[in-house]
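A.B. asks: The opening residue of the sequence shown carries number 7 in my numbering; numbering runs sequentially from there.
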Amino acid sequence: MKYIDEFQDPELARRLLDDIRDTVTRPWALMEVCGGQTHTIIRHGIDQLLPDNVELIHGPGCPVCVTPLEVIDKALEIASRPDVIFCSFGDMLRVPGSDRDLFQVRSHGGDVRVVYSPLDALKIAQQNPHREVVFFGIGFETTAPPNAMTVHQARRLGIPNFSMLVSHVRVPPAIEAIMTSPSCRVQAFLAAGHVCSVMGVQEYPELAERFRVPIVVTGFEPLDILEGIRRTVQQLERGEHTVENAYPRAVRPDGNPAAQAMLADVFEVTDRAWRGIGTIPASGWRLSERYRDYDAEYRFSVEGITTREPAACRSGEVLQGLIKPHECEAFGATCTPRSPLGATMVSSEGACAAYYLYRRLGIPSTPQEASPVA
């Protein structure tokens, strides 16, 4: 298959669904790690087309959603300073901090700019040598390499007025945290293909063996998701727990060595707080000592900010797969995309945003005879 339409072919989808139905004999709970996969599942109704005894649990794979509240407040504090040009991807501007968001900072005179690449922010720093330019660097292993490369370029070119507020997180420690939780119901994982395209699959076999869970690397189109589910269910039914690559058109076993080398040069592994979840050991990156001068958190002395999540927001439970978005009392009532309580209602990869956008407003999931790609 070479073209995107072929990955949304209804007949092929029916065949995969039939194979899943013929294979499954007992209840299984699978977690898709990536928020992009969650949106594909909800948009195409894949969860409603699966057999009743195959449940999909939405994981913490939305980079905007897991950025902790204290980091958002640090961004707001830095962006409010008159000598700063604060650059960010657009989906961060409406993520609520403790009392405001970046849009409100901009409406009160802060110079907050939307960019489409961290290199755009570096160019702005070159064009404005008398102002501090800060880029908000968030995300999983997918966005970390270009952010690392930008800091590397800033150092190589000698651009002193550029810095980065870093909040990068790593998937394998999150899987470990999920599996060691007393409330865990996950029996298998659909791993994020774009993360593995960078990092490869080397970190997953140990997790699969230790927790005895199948891990299938999966893409993002409907047929990718269904093929991942099919392989996962087959393993579960056979009592196996191995790592499979169901996304070979993008993922090599060793990933992207050049990107990994850049990460190793610029970043170092650290404990990282996840919004709504808490601190997960060795689950993130920060700038290494060699690049510490480009760390906005140190440059602007905002290390000591502490926060508390709003009690009405249950996004942490959504991110851990403990509840579905419509099971939160605030969903669609006091929490909407126009007035969000948490990032899961804002981000283009957030589970709450997917449920709201595709009208899953508390209606129970029931199998249908419709095509998942209608």
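Quick reminder that beta carbons are idealized off the backbone N, C-alpha and C, glycines included.
1) Quick one: measure Cβ to Cβ for Ala35 and Val192, integer angstroms, because I've assumed they're closer than 8 angstroms.
2) According to DSSP, what are the bridge partners of Val139?
3) Can Pro287 and Asp301 be called in contact, C-beta distance under 8 angstroms?
4) Would Ala127 pass as a contact of Asn167 if the rule is Cβ separation under 8 angstroms?
5) Can you grab the Cα-Cα spacing for the pair Gly33 / Leu62, in whole Å?
6) What does DSSP give as the partner residue(s) for Leu293 in the beta ladder?
7) With a threshold of 16 other CB atoms inside 10 Å of the CB of Arg216, please say whether the residue is buried or exposed.
8) Is Gln43 buried or exposed, if buried means 16 or more other CB atoms sit within 10 Å of its CB?
9) Determine the closest residue to Pro343 out of Lys330, Cys358 and Gly199, with distance taken between C-alpha atoms.
10) Between Tyr210, Phe273, Gly225 and Val204, which lies nearest to Arg258 when the distance is taken from Cα to Cα?
11) According to DSSP, which residues form a beta bridge with Phe337?
12) Which two residues bound the contiguous beta strand (DSSP E) that contains Leu108?
13) Within this structure, are the beta carbons of Cys93 and Val121 separated by less than 8 angstroms?
14) Grab me the residues of Gly348's own chain with a C-beta within less than 6 angstroms of its C-beta, minus the 5 sequence neighbours each way, in chain order.
15) Could you give the distance in angstroms between the alpha-carbon of Phe13 and the alpha-carbon of Pro254?
16) If you draw a straight line from the C-alpha of Val30 to the C-alpha of Arg237, how long is it?
17) Based on Cα-Cα distance, which residue from Met155, Phe146 and Glu83 lies nearest to Asp271?
18) Is the Cβ-Cβ distance between Pro211 and Leu242 less than 8 angstroms?
19) Let's test the definition: count the other Cβ atoms within 10 Å of the Cβ of Thr148 and tell me whether it reaches 16, buried, or not, exposed.
20) Over what stretch of residues does the alpha helix (DSSP H) that includes Glu83 continue unbroken?
21) If I'm right that Ala180 touches Ser353 with Cβ under 8 angstroms, what's the distance once you round it to whole angstroms?
22) Which residue or residues does DSSP assign as beta-bridge partners of Arg61?
23) Spell out the partners DSSP gives Thr148 in its beta bridges.
24) Which residues does DSSP pair with His174 in a beta bridge?
25) Spatial neighbours of Leu18 within its chain, please: CB distance less than 7 angstroms, with the 5 preceding and 5 following residues excluded, ordered by chain position.
26) Which stretch, first to last residue, makes up the beta strand (DSSP E) that contains Leu194?
27) Determine, using beta carbons only, whether Glu83 and Ala279 come nearer to each other than 8 angstroms.
28) What residue does the beta strand (DSSP E) around Thr224 start on, and which one ends it?
29) For Gly338, collect the residues of the same chain with a Cβ closer than 8 angstroms to its Cβ; drop the 5 residues on either side in sequence, then sort them by chain order.
30) Measure how close the beta-carbons of Arg100 and Pro346 come, nearest whole angstrom, since I'm counting them as under 8 angstroms.
31) Could you tell me the distance, in whole angstroms, from the CA atom of Met7 to the CA atom of Asp15?
32) With a CB to CB cut of under 6 angstroms and the five nearest residues on each side skipped, what residues in its chain are close to Gly143?
33) Indicate whether Thr224 and Ala252 have their beta-carbon atoms separated by less than 8 angstroms.
34) Measuring alpha carbon to alpha carbon, tell me which residue in Arg112, Val201 and Asp117 is nearest Val39.
35) Using the DSSP secondary-structure output, state which residues sit across from Gly284 in a beta bridge.
36) Could you check if Gly282 is buried or exposed, using at least 16 other CB atoms within 10 Å of its CB as the buried criterion?
C.D. replies: In brief:
1) 6 angstroms
2) Ile91 and Phe168
3) no
4) Between Ala127 and Asn167, the C-beta gap is not smaller than 8 angstroms, which leaves the two residues out of contact.
5) First, the residue type needs correcting, since residue 33 is Pro and not Gly in the sequence shown. Cα-Cα distance, rounded: 11 angstroms.
6) Paired residue(s): Phe273.
7) Exposed, because fewer than 16 other Cβ atoms sit within 10 Å of the Cβ of Arg216.
8) buried
9) Cys358
10) Val204
11) Residue pairing for Phe337: DSSP places it in a beta bridge opposite Cys341.
12) Element bounds for Leu108: not the beta strand (DSSP E) but the alpha helix (DSSP H), Leu108 to Ser113.
13) When the beta-carbon positions are compared, Cys93 and Val121 come within less than 8 angstroms of each other.
14) Cys319 and Ser321
15) So the alpha carbons of these two residues sit roughly 14 angstroms apart.
16) C-alpha separation (whole angstroms): 11 angstroms.
17) Met155
18) no
19) buried
20) Counting along the chain, the alpha helix (DSSP H) containing Glu83 begins and ends at Leu75 to Ala85.
21) Actually they do not touch by this definition, with Cβ atoms about 16 angstroms apart.
22) With the sequence shown as reference, residue 61 is identified as Glu, and Arg is not the correct amino acid for it. Note: Glu61 sits in a beta bridge opposite Ala35.
23) For Thr148, which the question treats as bridged, DSSP gives no partner whatsoever.
24) Gly145 and Trp291
25) Excluding positions up to five away in sequence, the list reads Leu229.
26) Position check: residue 194 holds Ala in this sequence, whereas Leu was assumed. Note, Ala194: beta strand (DSSP E), Ala194 to Ala198.
27) no
28) Ile221 to Thr224
29) His332, Tyr362, Leu367 and Gly368
30) 7 angstroms
31) With a pLDDT of only 49 at Met7, under 50, the local geometry of the prediction cannot be trusted, and the value read off the model is given with reservation. Each residue's Cα considered, the two are about 10 angstroms apart.
32) Asn153, Met170 and Val172
33) yes
34) Val201
35) The secondary-structure analysis by DSSP pairs Gly284 across a beta bridge with Trp280.
36) buried
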